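In the numbering used here, the protein residues as written are 3 to 757.
And the structure:
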């Protein structure tokens with residue numbers, strides 16, 4: 003028996019289709035050994051020796067693999083050909099006790115019969131240099147996490163984490179947001195109109211006055227804009243100049259991990275994580291090649307098949323020969339081929355999957371890959387200047403002379419203009435002044451952050467998606483309504499702390515150099531333990547020094563926003579256990595010991611930050627509790643924000659606020675909500691039915707309406723009348739109610755651990 007071990011059951015299932023019954027294909031379900039979760043797991047004094055353990059979740063599968071390995075005559079370790087895959091293969095070799103057996107390492111970049119057979123015919127040894135590179139990265143990240151994270155818990159806030167790549171990503175997002183906050187908007191105006199010739203309409207914009215080309219901020223206000231509009235009243239326009247230029251639009255390069263994430267984000271709106279999950283499924287089911295790669299190379303067989311496909315599908319003008327691309331990315335090391343379909347003849351139209359996300363991503367990969375092997379597109383770009391008095395308007399358009407690769411990989415096209423010649427009179431519609439404001443640099447999207455990380459040389463194909471997921475899950479970053487990334491208050495605090503006291507952790511050049519050093523370990527040019535030592539020694543010394551020097555007060559700095567004139571107290575903004583908040587007046591440790599009441603405070607709204615919140619915004623937050631007015635019975639209505647969200651209270655009546663702001667809700671709205679709440683409470687208090695006395699408790703049996711629907715009760719024991727019970731409340735008899743209550747009493751009570 004020949005045993006082939008891969009990482010995932012989906013991959014195993016796909017490979018099983020290609021091999022005969024002599025082969026048993028089994029999955030390791032990912033990593034089978036790792037550093038322990040409960041301790042650091044690295045013996046620093048013994049040359050950074052890792053203390054690997056088999057995770058509990060992997061124990062059952064390891065037992066299955068060990069039994070199969072004992073029976074096997076040959077064992078093939080067929081994990082992915084990147085550092086993680088090589089490390090998994092090595093860990094399997096170490097724990098399966100197979101040193102006296104024929105163990106071979108095989109790799110492939112696509113899960114097709116040809117690739118699997120070729121891999122089995124060309125086995126190799128485990129690449130220990132790749133394993134060491136993975137070990138070095140894992141150990142450095144563990145040392146940072148296990149030493150720096152507790153420091154952050156003690157000095158900033160419990161539960162925080164820091165990491166080699168994630169902290170750099172947070173820095174980039176924080177710096178971009180600060181750049182946006184510092185940006186001063188400026189007003190500017192454009193003058194626009196629609197022209198018409200031969201019943202074809204096309205837009206134009208004021209481009210020059212007295213032949214001087216206008217810049218964005220030249221028309222700064224409405225009076226200036228209106229003066230131009232008035233000057234052009236009843237003006238006649240004619241074509242002053244036309245210019246046609248042939249533009250060659252180059253076919254795109256093949257997809258790497260980063261460009262796949264960028265294109266999927268831009269074209270499909272997928273996050274980096276979503277893209278990689280879908281790509282993994284496509285790879286494991288044999289639809290695309292390996293999805294973690296820096297390479298632009300495409301297999302010769304695929305190139306030849308693509309030319310045949312283009313010739314057959316589109317004609318000879320689209321099959322002009324294969325195009326070879328060379329990898330420019332520094333340190334490219336993850337694989338030997340770009341991401342492509344395994345079979346060019348499986349078009350998006352013939353691709354079968356129940357998963358719409360997989361369909362859409364495959365469509366993108368197929369179109370982009372085929373486009374790389376098609377001719378360049380040729381466009382005719384037309385620029386037209388239209389003049390009236392001393393004002394020149396410009397209109398742009400383009401026409402596709404030869405679509406080339408654009409036949410399968412579409413691009414946005416400019417407006418096509420009518421035939422125009424110099425001196426032609428052109429009609430126009432109303433001339434409109436349009437107000438604009440200059441915009442700050444956009445927040446990072448998944449696509450632009452991945453691109454920036456790649457440009458800095460930070461991270462590798464396998465790290466981009468997990469990095470973005472980590473900074474979000476750790477509470478440093480959130481997405482806005484446009485799915486762009488912005489930092490939360492804690493991100494500023496931690497970033498500033500790291501930047502000031504642990505600069506190497508967030509330094510772009512240092513982090514990029516670490517990636518190069520890891521590449522050096524993989525190529526056999528660097529010693530992995532020396533790399534770890536060179537990083538850890540100064541890092542640990544600095545951490546020990548800062549731990550004794552810094553206290554929480556130095557880090558969790560407060561900001562006085564301004565003074566509340568009514569109370570004479572300062573309004574302070576700071577960060578707390580549950581995020582940033584504003585506070586009216588000071589509250590010292592001595593006040594706490596003396597058990598003085600806490601000052602009035604309120605959490606910041608989503609999107610507000612400690613650095614930029616204004617005095618007016620802070621005052622608005624501190625309005626609560628707010629007196630809204632009085633009910634008809636004279637009870638004062640108070641609007642407030644509590645443990646379970648915003649609410650209203652008047653006497654004994656309360657009402658939760660779902661879509662209303664307690665700071666702005668009107669008296670009439672408040673009265674309506676309180677009346678509705680009162681009526682609902684009365685309805686819940688009124689029994690649906692009385693079913694006599696319970697023989698056990700000697701109490702009345704009632705059917706009542708509760709928060710979660712109808713239920714039976716004797717005042718002590720409650721039985722929900724849910725769908726599982728399958729009985730309508732009105733059909734429950736006394737006998738049934740007694741039996742259900744008795745059954746409920748016999749059930750063991752559930753106890754829930756405090757979290």
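Note that CB positions come from ideal geometry on N, CA and C, so glycine has one too. Quick caveat, the model's predicted, so the values are computed rather than measured.
| Asked | Found |
| --- | --- |
| Rounded straight-line distance, which links the Cα of residue 235 to that of residue 199 | 19 Å |
| Sequence-distant residues of its chain with Cβ nearer than 8 Å to residue 269 (five each side left out) | 366 |
| Residue 126 versus residue 83 - alpha carbon distance | 12 Å |
| Neighbour-count burial assignment, residue 197, 16 or more Cβ in a 10 Å radius | buried |
| Of the residues 634, 640, 393 and 183, the one placed nearest residue 214, counting alpha carbons only | 393 |
| Pairwise C-alpha distance: residue 573 and residue 678 | 37 Å |
| Beta-carbon proximity list for residue 694, same chain, < 7 Å, skipping 5 on both sides | 703 and 736 |
| Residue 356 burial status per 10 Å Cβ neighbour count (16 or more: buried) | exposed |
| For residue 442 and residue 624, the rounded distance between their alpha carbons | 30 Å |
| Buried versus exposed call for residue 729 [16 or more other C-beta atoms within 10 Å across all chains shown] | exposed |
| Expected contact under 8 Å - CB spacing of residue 390 and residue 237 to nearest Å | 4 Å |
| Alpha helix (DSSP H) segment containing residue 511, residue limits | 510 to 524 |
| At least three beta-carbon pairs within less than 8 Å, the region 405 to 424 to the region 268 to 282 | no |
| C-alpha gap between residue 650 and residue 701, whole angstroms | 35 Å |
| Own chain, CB closer than 7 Å to residue 335, minus 5 neighbours either side, in chain order | Interpretation of residue 335 is limited by its pLDDT of 45, a score under 50 that renders its predicted location unreliable; the figure taken from the coordinates is listed afterwards. Taken in chain order, the residues that qualify are 296, 521 and 524. |
| Contacting residues, own chain, Cβ-Cβ under 6 Å from residue 548 (five flanking each side not counted) | 503 |
| Chain-order list of residues whose beta-carbon lies under 6 Å from that of residue 12 (same chain, five-residue window excluded) | 286 |
| Residues of its chain near residue 177, where Cβ-Cβ distance is below 7 Å and the 5 sequence neighbours each way are ignored | none |
| Under the three-state DSSP convention, the category residue 153 falls into | helix |
| Residue 723 versus residue 705: straight-line alpha-carbon distance, rounded | 9 Å |
| Environment of residue 386 [buried if 16+ CB atoms lie within 10 Å] | buried |
| Buried/exposed call for residue 586, threshold 16 Cβ in 10 Å | buried |
| Burial state of residue 578 (16 or more Cβ within 10 Å) | exposed |
| Among 120, 388 and 188, the one whose alpha carbon lies nearest that of residue 242 | 388 |
| Straight-line Cα distance separating residue 590 from residue 56 | 49 Å |
| Counted within 10 angstroms of its Cβ, other Cβ atoms place residue 379 as buried (16 or more) or exposed | buried |
| Residues of its chain near residue 244, where Cβ-Cβ distance is below 6 Å and the 5 sequence neighbours each way are ignored | 386 and 422 |
| Nonlocal neighbours in the same chain, by C-beta distance under 6 Å from residue 2, ignoring five residues either side | Within the shown structure, residues of the chain are numbered from 3 to 757, placing residue 2 beyond reach of any answer. |
| CA-to-CA distance, residue 142 to residue 514, given in whole angstroms | 14 Å |
| Spatial distance of residue 94 from residue 19 (CA atoms) | 24 Å |
| Per-residue DSSP class, three states only, for residue 452 | helix |
| C-alpha gap between residue 21 and residue 115, whole angstroms | 8 Å |
| Cβ-Cβ separation, residue 172 to residue 466 (assumed contact under 8 Å), whole Å | Incorrect: roughly 14 Å between the Cβ atoms, too far for contact. |
| Residue 157 classed as buried or exposed, judged by whether at least 16 other C-beta atoms fall within 10 angstroms | buried |
| Counted within 10 angstroms of its Cβ, other Cβ atoms place residue 526 as buried (16 or more) or exposed | exposed |
| Cut-off 8 Å between Cβ atoms - residues of its own chain near residue 191, not counting five sequence neighbours on either side | 221, 222, 223, 224, 226, 227, 435, 436, 437 and 438 |
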